[in-house]
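Positions -17 to -1, 1 to 136 (mature numbering (1 follows the signal peptide of the UniProt record, and there is no 0)) are the ones given, in order, by the sequence shown.
Just so you know, even glycine gets a beta-carbon here, dropped at the ideal spot from N, CA and C.
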Amino acid sequence: MLKALVIFFGLLALSHAASVGTASNATEVCQSEDEMWGGEDIRKFYFCLDGKVITDECDDGYYYVNNATISGCLPSEMMQASCVNLDIKVPDCSEASKMRPQACDDVASFYLCTSEGAKKLPCPEGKAFIDQDGYLGCFKWSVWRSLRNCTDG
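Okay, structure coming up:
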């Protein structure tokens, strides 16, 4: 198990190092002077103030949506099911859950079992956790959205 954790955290560190210094165009250029817009991270939204992009984030359990009928932070219950982790419980750290990271209610975090029990850990900035179709770990939002079939709207 220790070897698996070392490999997991090594990959996590490498993926974080590879992402440092990259930024989405959504955070660099004002897309609208009078409306908010979202980026790949479904928790964050942006707006312009005096020509500068301001980044904000929805409260825990809320996600940003901007479509023809709504623009703002919606509770997870109102989101497309593939875009959120509903009904996730803290793992009991027995058997299979003890051996691998587990999904968390916050899609950009995960649980890892330690000697003190389950610990909630964040993914590196710009990434979300997935355990699906052979993918396990924190991946760029674009990969996460594709695998989860989480589209705008």
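Three-pair Cβ contact test at 8 Å for the stretch 11 to 27 versus the stretch 40 to 52: yes
Member of 91, 96, 61 whose CA lies at the smallest distance from the CA of residue 82: Indexing the sequence shown from 1 puts residue 82 at position 99. Nearest option by C-alpha distance: 96.
Distance between beta carbons of residue 101 and residue 73, contact taken as under 8 Å: The residue given as residue 73 occupies position 90 in the sequence shown. The residue given as residue 101 occupies position 118 in the sequence shown. The pair is a contact, with the Cβ atoms about 5 Å apart (cut-off 8 Å).
Residue 88 to residue 51 span [Cα, whole Å]: By 1-based counting over the sequence shown, the position of residue 88 is 105. By 1-based counting over the sequence shown, the position of residue 51 is 68. If you take the alpha carbons of residue 88 and residue 51, they lie about 27 Å apart.
In chain order, each beta strand (DSSP E) run of at least 3 residues that lies wholly inside the stretch 73 to 113: 92 to 97, 100 to 105
Between the CA atoms of residue 58 and residue 140 - distance to the nearest angstrom: What is shown of the chain runs -17 to 136, which leaves residue 140 out entirely.
From 121, 116, 61, residue whose alpha carbon lies closest to that of residue 90: Along the sequence shown, read from residue 1 onward, the residue named residue 90 stands at position 107. The candidate whose alpha carbon is nearest that of residue 90 is 121.
Three-way DSSP call (helix, strand, coil) for residue 126 in this model: As a working mapping, residue 126 is identified with position 143 in the sequence shown. Here residue 126 sits in helix by DSSP.
Residue 130 versus residue 118 - alpha carbon distance: Position 147 of the sequence shown, counted from the first residue, corresponds to residue 130. Position 135 of the sequence shown, counted from the first residue, corresponds to residue 118. Going by the C-alpha atoms only, they are around 9 Å apart.
Expected contact under 8 Å - CB spacing of residue 21 and residue 49 to nearest Å: Residue numbering aside, residue 21 sits at position 38 when the sequence shown is read from its first letter. Residue numbering aside, residue 49 sits at position 66 when the sequence shown is read from its first letter. Sure, about 5 Å apart at Cβ, within 8 Å.
Nearest to residue 110 (by Cα), restricted to the options 13, 128, 53: Taking the first residue of the sequence shown as position 1, residue 110 is located at position 127. Nearest option by C-alpha distance: 128.
Residue 114 versus residue 94: straight-line alpha-carbon distance, rounded: On the sequence shown, residue 114 is found 131 positions in, with the first residue counted as 1. On the sequence shown, residue 94 is found 111 positions in, with the first residue counted as 1. Each residue's Cα considered, the two are about 12 Å apart.
Neighbourhood of residue 13 by C-beta, 7 Å cutoff - its chain only, sequence neighbours within 5 removed: Residue mapping note: residue 13 aligns to position 30 of the sequence shown, counting from 1. Correct list, in chain order: 31, 34, 36.
Those residues which DSSP pairs with residue 56 across a bridge: Looking up residue 56 in the sequence shown gives position 73. Residue 56 is bridged to 47.
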